[in-house]
Amino acid sequence: MLKIYHNPRCAKSRAGLKYLQEKGLEPEIRLYLKEEFTEAELADVLMRMHKEPQEIIRTQEKIYKSDFKGKNFNREEWIKILIEYPKLIQRPIIVKDCKAVFADPVENADEIL
611 MLKIYHNPRC AKSRAGLKYL QEKGLEPEIR LYLKEEFTEA ELADVLMRMH KEPQEIIRTQ
671 EKIYKSDFKG KNFNREEWIK ILIEYPKLIQ RPIIVKDCKA VFADPVENAD EIL
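Quick note: the sequence shown uses the numbering used here, first residue 611, plus one each step.
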């Protein structure tokens, strides 16, 4: 199983998908801004990445700066926030079998391919 959590409007995400395709791979493409994560799914991806929710946040986003920066939330609260505001999730995330990575830079994907 090879899956990419993809935002086609993001240059880094498009580069990650192109990198996989240039290697002859055709991942399942999950448009996570349209098909939102479930709590269990996001928790599973975090486990495969060996990351906490706070580690996958795009801290430069306006909504993060205005609503969340400097506030303390527990793991479950962060997961709910990321589901409600998926733009805050760094991208692209590539999942293969029991591992997942950020493909930024795209060569990070090689860690699990």
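The C-beta atom is built at its ideal place from N, Cα and C for all residues, glycine as well.
Buried or exposed: which applies to residue i, given that a residue is buried once 16 or more other Cβ atoms fall within 10 Å of its Cβ?
| i | result |
| --- | --- |
| S623 | buried |
| L723 | exposed |
| K706 | buried |
| N617 | buried |
| F683 | exposed |
| A713 | buried |
| A710 | buried |
Please name the residue, chosen from the options, that lies closest to residue i on a Cα-to-Cα basis.
| i | options | result |
| --- | --- | --- |
| Q664 | S676, V705 and G680 | G680 |
| R701 | F683, G634 and M659 | M659 |
| D720 | D677, E671, L630 and K613 | L630 |
| L612 | P618, I666 and K633 | K633 |
| K644 | V711, I666 and Y695 | Y695 |
| I691 | A710, E649 and V655 | E649 |
For residue i, which three-state DSSP category applies?
| i | result |
| --- | --- |
| I722 | coil |
| Y615 | strand |
| K706 | strand |
For the alpha helix (DSSP H) holding residue i, just list the boundary residues, first then last.
| i | result |
| --- | --- |
| E649 | E649 to M659 |
| A621 | A621 to E632 |
| K672 | K672 to D677 |
Specify, as a first and last residue, the run of the beta strand (DSSP E) that residue i falls within.
| i | result |
| --- | --- |
| I689 | Run containing I689: none in the beta strand (DSSP E); it sits in the alpha helix (DSSP H), R685 to E694. |
| E638 | E638 to L641 |
Excluding the 5 residues preceding and the 5 following residue i in the sequence, name in chain order all residues of the same chain whose CB lies nearer than 7 Å to its CB.
| i | result |
| --- | --- |
| Y615 | R640, Y642, R701, P702 and I703 |
| C708 | R658 |
| A625 | V716 |
Leaving out five residues on either side along the sequence, give the residues of the same chain with a beta carbon under 6 Å from the beta carbon of residue i.
| i | result |
| --- | --- |
| K628 | none |
| R668 | L698 and Q700 |
| F647 | I693 |
In its own chain, which residues sit with a C-beta less than 8 Å from the C-beta of residue i, not counting the 5 before and 5 after it?
| i | result |
| --- | --- |
| K637 | In the sequence on display, residue 637 carries Pro and not Lys. So the qualifying residues of the chain are L612, K613, I614, L627, L630 and I704. |
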